[in-house]
């Protein structure tokens, strides 16, 4: 057999060497391109952070964290009601979305159907969950407005300053009546909730502002008027008109939910639910199949395997994904604007389940859109506070993941 000429061998070796050098150069260029893109992103982020800090650092004070929005004292405006509102809204979101999302992920990932029809339904649900993760949050806001705020008008159309719907619990209706003592009122329990006003011509039982029962007398014009303030506080003019007021406890509940923080929290739960489901599924897929097989081999049921093997192993990833999803929820403004409106004139947090609330993103949106420079500085300071809260959430996710992984190792 004739040997291959040395010239051909040298030519092939040179070709391979040149090809390797060219691939290394391309790899190096791609590496530097990725680094340059990452640096550009970091530089843009730093510029934005420096701009926000320079604009809002002068407004970082205790007033910002302890006071409410004020139109009269702009310099002393704060975001305390917005902080409380965000906590209530995101707390509702977490209570609904976390168990529902993790439970759905466990069902879709660990309880695979054997029936052909059920497998098709399983795949259809999985496809829709993946698609819902990319839906803009404003669409969820419109969905929440229809489902939670109005409930398709099944319980009646909501009108301004009028009660509509069905009150379930936590309320008492009273007629408020002005006595002969200026500025003093008494309250009469309302027996007919549909009757908004009534007149009083005969003595009746009522309660004072402290809740003490008292007997109310009637004074007829033309007769001597009581001079004793204590008696005047227990006397009303004949024909006095009483208007309806409602006393609501913290557990006050009604249908529909109207523009309450409960509607906002449920809407945000819809926003982050696909994210929690997908991240939980990925964490469950990361559990080695050998652990499931070993558990099954020892006689454990599917639920026992999920409860004692799969969930503990996937817990770090599930918790990390859930906390990051909550970080997105606390920064959402569009669905909250649609569901709860853009009003920020609130002096405290929610007082009952059906009460409205202001959230930090909505407050920032309101302040940033005003013409006064003071409000623009306040919006920058509020952004800093919101970023700190998000940073704390992300740091908590990292710590929990590290702690759980360390405990399992």
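Numbering (the UniProt record's numbering), first residue to last: 1 to 409. No residue lacks a Cβ here, since even glycine has one placed at the ideal position from N, Cα and C. Quantities reported herein were computed from a predicted structural model and do not represent experimental measurements.
6 Å CB neighbourhood of residue i in its chain, flanking five on each side removed
| i | result |
| --- | --- |
| residue 367 | 375, 378 and 379 |
| residue 161 | Since pLDDT at residue 161 reaches only 46, below the 50 mark, its modelled position is unreliable, and no value is offered. |
| residue 1 | With a pLDDT of 45 at residue 1, under the threshold of 50, the predicted position of this residue should be treated as unreliable, though the coordinate-derived value follows. Cβ neighbours of residue 1 beyond the five flanking positions: none. |
| residue 322 | 98 and 276 |
| residue 386 | 360 |
| residue 246 | 171 and 173 |
| residue 132 | 274 |
| residue 358 | 81, 82, 85, 344 and 346 |
| residue 352 | 248, 250 and 252 |
| residue 26 | none |
| residue 122 | 113 |
For residue i: DSSP bridge partner residues
| i | result |
| --- | --- |
| residue 216 | 204 |
| residue 198 | 242 |
| residue 30 | DSSP lists no partner for residue 30. |
| residue 176 | 187 and 243 |
| residue 171 | 248 |
| residue 340 | Paired residues: none, contrary to the question. |
| residue 410 | Because the chain in this structure spans residues 1 to 409, residue 410 falls outside the shown range and cannot be described. |
Delimiting residues of the alpha helix (DSSP H) encompassing residue i
| i | result |
| --- | --- |
| residue 251 | That residue, residue 251, is in no alpha helix (DSSP H); its beta strand (DSSP E) goes 240-255. |
| residue 237 | Element bounds for residue 237: not the alpha helix (DSSP H) but the beta strand (DSSP E), 235-237. |
| residue 232 | 229-232 |
| residue 145 | From DSSP, residue 145 is part of no alpha helix (DSSP H); its letter is neither H nor E. |
| residue 269 | 261-285 |
| residue 301 | Note, residue 301: premise wrong, no alpha helix (DSSP H); not H, not E. |
Sequence-distant residues of the same chain with beta carbon closer than 7 Å to residue i, five excluded per side
| i | result |
| --- | --- |
| residue 52 | 380, 383 and 384 |
| residue 181 | 229, 232 and 233 |
| residue 355 | 260 and 261 |
| residue 70 | 76 and 77 |
| residue 190 | 173, 174, 175 and 244 |
| residue 193 | 173 |
| residue 203 | 215, 216, 217 and 218 |
| residue 296 | 305 |
| residue 58 | 377 |
Element boundaries [beta strand (DSSP E), containing residue i]
| i | result |
| --- | --- |
| residue 152 | Here residue 152 belongs to no beta strand (DSSP E), and DSSP marks it neither H nor E. |
| residue 293 | Not the beta strand (DSSP E): residue 293 falls in the alpha helix (DSSP H), residues 289-297. |
| residue 370 | Premise fails: residue 370 is in no beta strand (DSSP E) and is neither H nor E. |
| residue 332 | Where residue 332 is concerned, there is no enclosing beta strand (DSSP E), given that its DSSP letter is neither H nor E. |
Distance between residue j and residue i (C-alpha atoms, nearest Å)
| i | j | result |
| --- | --- | --- |
| residue 176 | residue 258 | 25 Å |
| residue 218 | residue 237 | 6 Å |
| residue 44 | residue 334 | 24 Å |
| residue 362 | residue 39 | 31 Å |
| residue 266 | residue 339 | 10 Å |
| residue 315 | residue 400 | 10 Å |
| residue 64 | residue 324 | 26 Å |
| residue 106 | residue 146 | 29 Å |
| residue 279 | residue 89 | 22 Å |
| residue 317 | residue 395 | 14 Å |
| residue 404 | residue 248 | 43 Å |
| residue 151 | residue 128 | 23 Å |
| residue 319 | residue 271 | 17 Å |
| residue 242 | residue 216 | 13 Å |
| residue 116 | residue 304 | 25 Å |
| residue 209 | residue 179 | 12 Å |
| residue 101 | residue 20 | 49 Å |
| residue 32 | residue 108 | 41 Å |
| residue 47 | residue 55 | 12 Å |
| residue 92 | residue 298 | 40 Å |
| residue 186 | residue 200 | 12 Å |
| residue 94 | residue 364 | 23 Å |
| residue 135 | residue 18 | 49 Å |
| residue 350 | residue 269 | 19 Å |
| residue 285 | residue 60 | 45 Å |
| residue 144 | residue 138 | 10 Å |
8 Å CB neighbourhood of residue i in its chain, flanking five on each side removed
| i | result |
| --- | --- |
| residue 155 | 164, 165, 166, 255 and 256 |
| residue 141 | 267, 334, 335, 336, 337, 338 and 339 |
| residue 205 | 188, 213, 214, 215 and 216 |
| residue 66 | 78 and 80 |
| residue 226 | 180, 219, 232 and 235 |
| residue 407 | none |
Note down, one range per segment and in chain order, each alpha helix (DSSP H) of at least 4 residues found wholly within the region 47-132.
-> Whole alpha helix (DSSP H) segments, 4+ residues: 62-66, 80-110 and 116-132.
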